[in-house]
Structures are given as C-alpha cells and as structure tokens.
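Notes follow the structure.
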Amino acid sequence: MPVTLARQRQAGFSLPEVLVSLVLFIVIIGALTGYYQVLAQGFLNQWHYRQLWRFASQQAEINPPPLPEGWKATRVETSVAGCVSISVIVSSPGGRQGQLRRLHCPSEKQ
Numbered sequence: 001m002p003v004t005l006a007r008q009r010q011a012g013f014s015l016p017e018v019l020v021s022l023v024l025f026i027v028i029i030g031a032l033t034g035y036y037q038v039l040a041q042g043f044l045n046q047w048h049y050r051q052l053w054r055f056a057s058q059q060a061e062i063n064p065p066p067l068p069e070g071w072k073a074t075r076v077e078t079s080v081a082g083c084v085s086i087s088v089i090v091s092s093p094g095g096r097q098g099q100l101r102r103l104h105c106p107s108e109k110q
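So in UniProt numbering, the last one in the sequence shown is 110, and the numbering has no gaps at all.
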C-alpha cells in the first residue's frame, strides 16, 4: 500500500504542460530574435546616414580631407561678393547620396 501512495503523491509537470511551455518558449525566442534583427538594422542604417552627413560636411569645407576608398564627392564652388558657396554631393559605396551646400564668407576680424 505505501508504494501506491508514493506514486499518487509525486509532484511535477505533466507532459502536455511541458510541451505547451516549450512551444511558448520557442515562440518568445523567435519574436525576440526578430525584434533584435530589426533593431540592429535600424542602428546600422542610422550609422550609415551619420557617416554620410559627416563626410558631406567635411567635403563642404574650404580644404576638405580625402574621402575613404569607395566614397565619391562632387564639388561645385562659386564666388559671389567675396563669399564662396560650396555645393557637395557625396555618394557612399552602398549607393546612398547626400547633398550639402555651405556658404563661407571672410570674417572682419583677422
């Protein structure tokens, strides 16, 4: 008799409970993985655009530094009334483009 009582008193999860929790765990892990991928792609896109605008800003200076390999810049300089207008179109290796125009005027203080 004590053997049957011990079997009835055993505690634990049933097989259906374990399977349901396993399926729920897999669904949650899949959702979190997808969320992470979307988040990482967004950060990567933002970093590429920041890099593009940083290089465009550098190329719109009077004496621009050289661009890294693969990047291209088209510069147009015009002078009006002692000021220099610089228009720049920068293209990234991935095909993104940014256009920036900057006006440089000499200051009175020298």
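Don't be surprised by glycine CBs; every beta carbon is placed ideally from N, CA and C. Model, not experiment: these values are computed from the prediction.
Who are the Cβ neighbours of residue 83 in its own chain at under 8 Å, not counting the five residues just before and after it? Cβ within range, chain order: 103, 104, 105 and 106.
Which residue from 69, 99, 88 and 43 puts its Cα closest to that of residue 76? The option with the nearest alpha carbon to residue 76 is 88.
Coarse secondary structure for residue 98, derived from DSSP in three states: Residue state for residue 98 is assigned as strand, using DSSP reduced to three classes.
Using the rule of at least 16 other Cβ atoms within 10 Å of the residue's Cβ for burial, across every protein chain shown, is residue 43 buried or exposed? Exposed is the call here.
Going along the chain, which residues of its own chain have a beta-carbon closer than 6 Å to the beta-carbon of residue 98, five neighbours each way excluded? These residues qualify, in order along the chain: 52, 53, 56 and 90.
Just the Cα atoms here: how many angstroms apart are residue 78 and residue 63? So the alpha carbons of these two residues sit roughly 15 Å apart.
Give the DSSP-derived three-state secondary structure of residue 62 in the structure shown. DSSP, read as helix, strand or coil, puts residue 62 in coil.
Cβ neighbour criterion (16 or more within 10 Å) applied to residue 60: Residue 60 should be labelled buried.
Taking residue 83 as part of the beta strand (DSSP E), name the residues at either end of that continuous run. Per DSSP, residue 83 belongs to the beta strand (DSSP E) from 83–91.
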